[in-house]
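Peer 1: Dropping the structure in here first, questions after.
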Amino acid sequence: MGAIIVALFLSLFVSALDATIVATAAPTISRDLSSAAGYTWIGGAYLLANAASGPIWAKFSDIWGRKPIMLCALLLFFISSAVCATAKTMQELIIGRAFQGTAGGGLILLVHVCISDLFSLRQRSLLMGFMEGIWALAVYINLPISGIAALLILLFLDIKHEHTSFVDGMKALDWFGIFTFLGFTLMILFGLDFGGVLFPWDSAKVIALLVVGFVMIFAFIYSEAKLAKYPLMPMSLFKRRTNVAAFSVVFFHGFVFISGEYYMPLYFQAVLEASPLRSGLLLLPFIVTGAIAGVFCGVIMHKTGKFREIIWVGALLLTIGFGLFITFDAYTSTVKAVCFLMVGGLGSGILFEAPLIAIQSQVEQHNVASATATLSFIRNIGVSISTIVGGTIFQNSMNGRAAFLREAGLPKNIFDQLDGDSAMANVMLPGMLKERAWEIAAKQAFAYAMRNMWITYTVFAFLAFMASLFVQAAHLGTEHTETVTGLRKKEEEVVAGSGTATPSS
Numbered sequence: 007m008g009a010i011i012v013a014l015f016l017s018l019f020v021s022a023l024d025a026t027i028v029a030t031a032a033p034t035i036s037r038d039l040s041s042a043a044g045y046t047w048i049g050g051a052y053l054l055a056n057a058a059s060g061p062i063w064a065k066f067s068d069i070w071g072r073k074p075i076m077l078c079a080l081l082l083f084f085i086s087s088a089v090c091a092t093a094k095t096m097q098e099l100i101i102g103r104a105f106q107g108t109a110g111g112g113l114i115l116l117v118h119v120c121i122s123d124l125f126s127l128r129q130r131s132l133l134m135g136f137m138e139g140i141w142a143l144a145v146y147i148n149l150p151i152s153g154i155a156a157l158l159i160l161l162f163l164d165i166k167h168e169h170t171s172f173v174d175g176m177k178a179l180d181w182f183g184i185f186t187f188l189g190f191t192l193m194i195l196f197g198l199d200f201g202g203v204l205f206p207w208d209s210a211k212v213i214a215l216l217v218v219g220f221v222m223i224f225a226f227i228y229s230e231a232k233l234a235k236y237p238l239m240p241m242s243l244f245k246r247r248t249n250v251a252a253f254s255v256v257f258f259h260g261f262v263f264i265s266g267e268y269y270m271p272l273y274f275q276a277v278l279e280a281s282p283l284r285s286g287l288l289l290l291p292f293i294v295t296g297a298i299a300g301v302f303c304g305v306i307m308h309k310t311g312k313f314r315e316i317i318w319v320g321a322l323l324l325t326i327g328f329g330l331f332i333t334f335d336a337y338t339s340t341v342k343a344v345c346f347l348m349v350g351g352l353g354s355g356i357l358f359e360a361p362l363i364a365i366q367s368q369v370e371q372h373n374v375a376s377a378t379a380t381l382s383f384i385r386n387i388g389v390s391i392s393t394i395v396g397g398t399i400f401q402n403s404m405n406g407r408a409a410f411l412r413e414a415g416l417p418k419n420i421f422d423q424l425d426g427d428s429a430m431a432n433v434m435l436p437g438m439l440k441e442r443a444w445e446i447a448a449k450q451a452f453a454y455a456m457r458n459m460w461i462t463y464t465v466f467a468f469l470a471f472m473a474s475l476f477v478q479a480a481h482l483g484t485e486h487t488e489t490v491t492g493l494r495k496k497e498e499e500v501v502a503g504s505g506t507a508t509p510s511s
């Protein structure tokens, strides 16, 4: 059992790497590959694919078993990492990042599902807490670690599976659900990403993407509720108050936490004049405190069986922490920034695993994979929308400071580099300006744009806290129910129907 835990943690490690380390290097990558818009797309391509792929990986693993699907995800991650490592253009890098996101979405999800298959609710709360610590260890060693993880999974992962042929599995897949799911996810996110950047918000392309995307949401819901025999996302998951509340917390948490990891390096490099390496080090307090908080909360849930109060505390700390970010300006000290980051990191870390335990306490074992996939999808949607919204707020805010920068006397060639999305690729420019007045004006413009972002994220953090108040307590059992995958087992579950745990107040 120890070997498979190591393998699962290594799989999570490499996917955690891509979700954290790229943010600090994104400004440099955008500059080196001569693409100002690349800053958003380096993360956006990964997150779009990550959000769209999770539930599909889960359904594949239900039908064909956890081990072969996990190995497929690792192989895809290995190949796409090699593509990214050798990319010579922004287009090549974005394609590689999209495939990394597809594989990463599967790895993160399947690690959680396998932990849920192998351990009782009380035991998995402890392990998922330790999994949170994995995010603090990300370094640039994707390829060898993914290879080691694949070997260990091949040798040691043993989750009972009743054989399903490839043809039978393909027939059983919820194809209409997959089609409409991918359709609404990609169309809406592409529409939001293109709007105001590549095309005007009122352009036919953006409107068409958003309208068709929203129509496909209703088609997907109808398919899952009425048509699908083995739904990709069972609608029964949304019938319990705790599930809806936990899903809401997860969405708002995903929307908020990624901004700290993805956009805080902009502030460090533009205002505090930190190098990409130093900005990564300055981000560590946010990541490490979150990891420590996650581990600590996992231990508490394991010992006490309580998760509701932990979610409350996490959402409150998240709101306070990001509220403190609003005070960052052109003169903020590094010490102050680090201390405030630690508060935000605590709230962020607490909310990663506790809502998942809340969801899993409400469903039977055979629905855990679908519930976990749904939670992962909702968080990834929040993350994806967040990077788009954050980028839009930043660009519009920088455009709004145009008059201020002109009044400060910045030459046109410098002013143009601080206009809208161009500013993201020129974060080191303020510290390189010879005139002190120009430097201060540029830093104040960056700080103002970031402040508007933090105000938005603080509002969403508060919404997470409000949603957390509707989470109900439930008993976390110490008994483990064996998971069996395969089409025959799914047939039995359809006949038997699904049950749920009874929540307590």
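Numbered continuously in the numbering used here, the sequence shown closes out at residue 511.
Where a beta carbon is used, it is the ideal one built from N, C-alpha and C, also for glycine.
All of these numbers come straight from a predicted model, not from anything done at the bench.
1) So is Q97 buried or exposed if we call it buried at 16+ other beta carbons inside 10 Å?
2) Could you tell me the boundaries of the alpha helix (DSSP H) in which E1 lies?
3) Would G260 and N458 qualify as a contact pair, given that the criterion is a beta-carbon distance under 8 Å?
4) Count the other CB atoms, across all protein chains shown, that sit within 10 Å of the CB of T3; report buried if there are 16 or more and exposed otherwise.
5) Distance, Cα to Cα, V341 vs L435?
6) Could you tell me the alpha carbon to alpha carbon distance between L132 and F476, rounded to whole angstroms?
7) Three-state secondary structure (DSSP) at S17?
8) How far does the alpha helix (DSSP H) with T191 in it extend, from its first residue to its last?
9) Have a look at L81 and L411 and give me their C-alpha separation to the nearest angstrom.
10) Looking at the C-beta of D180, does it have a partner C-beta in chain B at a distance below 8 Å?
11) Since C90 and G102 should fall inside the 8 Å C-beta cutoff, what is the C-beta to C-beta distance between them, to a whole number of angstroms?
12) Starting from the Cα of V6, find the closest Cα among F83, S126 and F105 and give me that residue.
13) Just how far apart, CA to CA, sit A295 and V349?
14) Is V12 helix, strand or coil by DSSP?
15) Going by the beta-carbon positions, is the gap between M438 and L424 smaller than 8 Å?
16) Count the other CB atoms within 10 Å of the CB of C120; is the residue buried (16 or more) or exposed (fewer)?
17) In whole angstroms, what is the alpha-carbon distance linking I461 and M193?
18) Assign A479 to one of three DSSP states: helix, strand, or coil.
19) Give the range of the alpha helix (DSSP H) segment to which D422 is assigned.
20) What are the boundary residues of the alpha helix (DSSP H) that includes H308?
21) Could you pull out every residue in the same chain whose Cβ sits closer than 8 Å to the Cβ of Q275, ignoring the five residues on either side in sequence?
22) Indicate whether I394 and G50 have their beta-carbon atoms separated by less than 8 Å.
Peer 2: So, from the data block:
1) Within the sequence shown, numbered from 1, the residue matching residue 97 stands at position 91. Per the 10 Å Cβ criterion, exposed.
2) Since the first residue shown for the chain is 7 and the last is 511, residue 1 is missing from the structure and cannot be characterised.
3) Within the sequence shown, the letter at position 254 stands for residue 260. Within the sequence shown, the letter at position 452 stands for residue 458. No, the pair does not count as a contact, with Cβ atoms beyond the cut-off.
4) Given a span of 7 to 511 for the chain in the structure shown, any question on residue 3 remains unanswerable.
5) Residue numbering aside, residue 341 sits at position 335 when the sequence shown is read from its first letter. Residue numbering aside, residue 435 sits at position 429 when the sequence shown is read from its first letter. Taking the straight line from one Cα to the other gives about 23 Å.
6) Position 126 of the sequence shown, counting from 1, holds the residue named residue 132. Position 470 of the sequence shown, counting from 1, holds the residue named residue 476. For L132 and F476, the distance between alpha carbons rounds to 24 Å.
7) The residue labelled residue 17 in the question sits at position 11 within the sequence shown. It is helical.
8) As a working mapping, residue 191 is identified with position 185 in the sequence shown. Element bounds for T191: W181 to F200.
9) Locating residue 81 in the sequence shown gives position 75, where the first residue counts as 1. Locating residue 411 in the sequence shown gives position 405, where the first residue counts as 1. Taking the straight line from one Cα to the other gives about 49 Å.
10) Absent from the structure is chain B; it holds one protein chain and no more.
11) The count along the sequence shown starts at 1 and reaches residue 90 at position 84. The count along the sequence shown starts at 1 and reaches residue 102 at position 96. About 4 Å separates the two Cβ atoms, so the contact holds.
12) Missing from the structure shown is residue 6; the chain here goes from 7 to 511 and no further.
13) Position 289 of the sequence shown, counted from the first residue, corresponds to residue 295. Position 343 of the sequence shown, counted from the first residue, corresponds to residue 349. Before going on, a small fix: residue 295 reads as Thr here, not Ala. C-alpha separation (whole angstroms): 8 Å.
14) If you number the sequence shown from 1, residue 12 lands on position 6. V12 falls in the helix class under three-state DSSP.
15) Taking the sequence shown and counting its residues from 1, the one referred to as residue 438 is at position 432. Taking the sequence shown and counting its residues from 1, the one referred to as residue 424 is at position 418. Not closer than 8 Å, so no.
16) Locating residue 120 in the sequence shown gives position 114, counting from the first residue. Buried: at least 16 other Cβ atoms inside 10 Å.
17) For the purposes of this step, residue 461 is identified with residue 455 of the sequence shown, where counting begins at 1. For the purposes of this step, residue 193 is identified with residue 187 of the sequence shown, where counting begins at 1. The straight-line gap from Cα to Cα measures roughly 27 Å.
18) Position 473 of the sequence shown, counted from the first residue, corresponds to residue 479. Correct three-state label for A479: strand.
19) Against the sequence shown, residue 422 aligns to sequence position 416. K418 to Q423 is the span of the alpha helix (DSSP H), which, as asked, contains D422.
20) Indexing the sequence shown from 1 puts residue 308 at position 302. P282 to T310 is the extent of the alpha helix (DSSP H) around H308.
21) One-based indexing of the sequence shown puts residue 275 at position 269. Answer for Q275: P33, S281, P282, S285, V433 and M434, listed in chain order.
22) By one-based count along the sequence shown, residue 394 stands at place 388. By one-based count along the sequence shown, residue 50 stands at place 44. A contact, by the Cβ cut-off of 8 Å.
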